[in-house]
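Taking it in order: structure first as structure tokens, then the write-up.
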Amino acid sequence: TQRIRTVLNESQLRLLEHSYSTNQRPDTSIKEQLIEQTGLSAGVIRKTNTGTFDLSLAPSDATAQKLICELCDASCTDPDNYRIHLQYGHNQLKGKIATDMEQGAPVACGRCRERFWTNEGLERHLLMSHHLVTNDLLKKAQNKNDFCCCKLCGKTYSFNILQHMNNEHNIKLNSAETMYCCDICSFKSNSYQKLETHISEQHPKTR
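Residues in the sequence shown are numbered consecutively from 1, following full-length UniProt numbering.
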């Protein structure tokens, strides 16, 4: 398969990776180079036999299974491209690296068991699929910070997504008591941080 390949030197790679982990915007020239060469925000960065680094993406085709962003419905070509999209596009998964994606999405919906990489992804899923509003989302709405892309019509709102769901789609929303469930045992918590602590302490070999 023919691949589009962009060679990055080591200093550029360090700058790019550092910018993701520290929530800084990558150098504009690097960002523009990646977008120009691949048509995407970023992709899989690999070290070559010569000690340089490259960004390699196979061209999309009808048989390729794309990953859909849980926050904006954008298509990503592979798990690592999705990781970088979440980091750069949504300021999520800070500090995560490519191998972390092999563990699978850690957050499960207590209603249907669909899995998500972020608490915000679960929050959006509960709103769009189950018409439930978490306490966190309600607080964001009160502060006009409930940014969301509507799955029903594709419109993106910087705030007032709850009002949009009610007024534009005539959907009655209910309060949700979000429970984070352990996949290994029966542990449940309304705090994702407590679930992470539980898994680290009780099931360390699964991390």
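The beta carbon of each residue, even a glycine, is placed where N, CA and C say it ideally should be.
query                                                                                                                        : result
Glu102, buried or exposed, once every other Cβ within 10 Å from all chains shown has been counted against 16                 : exposed
Residue range of the unbroken alpha helix (DSSP H) whose run includes Gln103                                                 : Careful: Gln103 lies outside any alpha helix (DSSP H) and carries neither H nor E.
Gly89 beta carbon less than 8 Å from that of Val107                                                                          : no
Segment contact flag, the region 127-135 with the region 72-82, C-beta cutoff 8 Å, min 3 pairs                               : no
Contact with chain C by Asn170, beta-carbon distance below 8 Å                                                               : Among the chains of the structure shown, chain C does not appear; only one protein chain is present.
At least 3 beta-carbon pairs within less than 8 Å: the region 137-146 vs the region 159-175                                  : yes
Under the three-state DSSP convention, the category Thr134 falls into                                                        : coil
Segments of 4+ residues assigned as alpha helix (DSSP H) that fall wholly inside the region 118-185                          : 119-130, 135-142, 161-169
Spatially closest choice to Cys72 from Gln202, Pro204, Arg124, by CA coordinates                                             : Arg124
Where Gln202 falls, given that 16 or more other Cβ within 10 Å makes a residue buried                                        : exposed
Inter-residue CB distance, Glu70 and Trp117 (contact presumed, cutoff 8 Å)                                                   : 6 Å
C-beta atoms of Cys109 and Leu93 nearer than 8 Å                                                                             : no
Length of the line joining the Cα atoms of Asp100 and Ile199                                                                 : 15 Å
Thr197 versus Leu152 - alpha carbon distance                                                                                 : 35 Å
Same chain, Cβ closer than 7 Å to Asn135, neighbours up to 5 away in sequence not counted                                    : none
Contacting residues, own chain, Cβ-Cβ under 6 Å from Arg111 (five flanking each side not counted)                            : His130
8 Å Cβ shell around Ala74 - same chain, five flanking residues per side excluded                                             : Ile68, His85, Gly89
Rounded distance between the beta-carbons of Tyr180 and Ser189, thought under 8 Å                                            : 5 Å
Expected contact under 8 Å - CB spacing of Leu195 and Cys182 to nearest Å                                                    : 6 Å
Beta-carbon contacts of Glu177 that lie in its chain and below 7 Å, excluding the five residues immediately before and after : Asn190
Reference Ser175, options Met165, Ile184, Glu114, Leu137, closest by Cα                                                      : Leu137
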